[in-house]
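Data block below; observations after.
There are 2 protein chains.
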Amino acid sequence: MRIKKQKDICEVKSVDKSRVKAIKKIMLSDRDVNGLSETFSVLADPTRIKIIYALSKEELCVCNVASILGISISAVSHQLRILRNMRLVKFRKEAKRVYYSLDDRHINRLFDQGLKHVRE
Amino acid sequence: MRIKKQKDICEVKSVDKSRVKAIKKIMLSDRDVNGLSETFSVLADPTRIKIIYALSKEELCVCNVASILGISISAVSHQLRILRNMRLVKFRKEAKRVYYSLDDRHINRLFDQGLKHVRE
DNA sequence: TTGACATTTGTTCAATTGCTCAAATATAAT
DNA sequence: ATTATATTTGAGCAATTGAACAAATGTCAA
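Protein chains in written order, with my numbering: chain S, 1 to 120; chain V, 1001 to 1120.
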């Protein structure tokens, strides 16, 4: 095979300059892009999906979530921390238990839209 | 610190059995869970988000996408393959160029819902 | 206090992922 | 055929991530 040095960066002459410029101008802000990718990342994990779904039905303690999903309490707690950091769930402590519930109406809508998509 | 063997699995007696059972019964199917996590995974990457956004505005060739995002053609092509596999984009060849466009109305809606969420 | 239960947290490890580079393929022009 | 342009693909690598396990914290009851 011949050796070719490839620039791998789009040559100016081969680019439709005005088209590229126009779209660059209306491109999403870094803030939007990061927000979107963070949001979708949280929803991109099977365990978290199940947790969110369960909590969308009812407030539950960590132990019950673990029971419902059939995974360890530790694993649930780790995932709940992620959801907490993203402010998707809120919690209240009652004696030894900690009860979690959904804390973001938007997420429910995103979730439902996603379900509609996969079930279409 | 005391050594305790911890089962890390919810003790039956501490679980609200009927509550757990009820939610287990209406839990999402594996199919739904996998579909959701795959769908959200595709949307969870900044590069793919930008590509999807750009393509939502206009049909574009690989080279122009690379130019708009300011990343290598190879990187774009790799990501486009993922979007192709998920059937989120379609393409048509014209001479040496390959033009991509969005091929899923649902994704646009999911995307917009996501934007609404992060901008709230 | 001691012990049991509920949850959280830190560490380690394996798997996944996105990128780069090099190479291959495809198409058209010389 | 050779060259140039456009895109795809495969390998290798660094960074991220989810799960498992151990240990720590917190709360209540005996």
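In this text, a Cβ means the ideal position worked out from N, Cα and C, and glycines have one as well.
- In the three-state DSSP reduction, E1038 (chain V) falls in the helix class (H, G or I).
- The C-beta separation of L36 (chain S) from I1049 (chain V) comes to about 5 angstroms, placing the pair in contact by the 8 angstroms criterion.
- For M1027 (chain V), the chain S residues whose C-beta falls within less than 8 angstroms of its own C-beta are K50, Y53, A54 and I68, listed in chain order.
- Contact between the stretch 80-89 of chain S and the stretch 1097-1112 of chain V is absent: fewer than 3 CB-CB pairs across the two stretches fall below 8 angstroms.
- Within the stretch 87-114 of chain S, those residues whose Cβ lies closer than 7 angstroms to any Cβ of chain V are, in chain order, H106, R109, L110, Q113 and G114.
- Close partners of R119 (chain S) in chain V (Cβ separation under 8 angstroms): D1032 and G1035.
- Between F1040 (chain V) and L43 (chain S), the C-beta spacing is below 8 angstroms.
- Residue burial annotation: N85 (chain S) is exposed, with fewer than 16 other C-beta atoms found within 10 angstroms of its C-beta.
- By the CB criterion at 8 angstroms, L115 (chain S) and D1032 (chain V) fall inside the cutoff.
- Counting only unbroken stretches of 4 or more residues, the alpha helix (DSSP H) elements lying wholly within the stretch 1037-1076 of chain V are 1046-1057 and 1062-1069, in sequence order.
- Linking C61 (chain S) to K1093 (chain V) through their CA atoms gives a straight-line distance of about 54 angstroms.
- Among the residues of chain S, those whose CB is under 8 angstroms from the CB of R1019 (chain V) are E58, L60 and N64, following chain order.
- Proximity to V1098 (chain V) across V:H1117, V:L1069 and V:I1073 peaks at V:I1073, based on C-alpha coordinates.
- Annotated three-state conformation of S29 (chain S) is coil, per DSSP.
- With 16 or more other Cβ atoms inside 10 Å of its own Cβ, I1068 (chain V) counts as buried.
- At least one C-beta of chain S is nearer than 8 angstroms to the C-beta of I1023 (chain V).
- Check the Cα spacing between A1075 (chain V) and each of V:A1095, V:T1047, V:Y1053 and V:F1111: the tightest is with V:T1047.
- Put simply, of S:V118, S:H117 and S:F111 the residue whose alpha carbon is nearest the alpha carbon of S56 (chain S) is S:F111.
- Separation of the CB atoms of R1109 (chain V) and Q113 (chain S) is rounded to 6 angstroms, and the pair is thereby assigned contact status at 8 angstroms.
- When C-alpha distances from G1070 (chain V) are compared across V:I1082, V:I1026, V:A1054 and V:E1038, the shortest belongs to V:A1054.
- Contact of S41 (chain S) with chain V by beta-carbon distance below 7 angstroms involves A1044.
- Sorting V:M1027, V:V1118 and V:S1077 by C-alpha distance to the C-alpha of H106 (chain S) places V:V1118 at the top.
- Remark: C-beta atoms of I23 (chain S) and E1058 (chain V) approach each other more closely than 8 angstroms.
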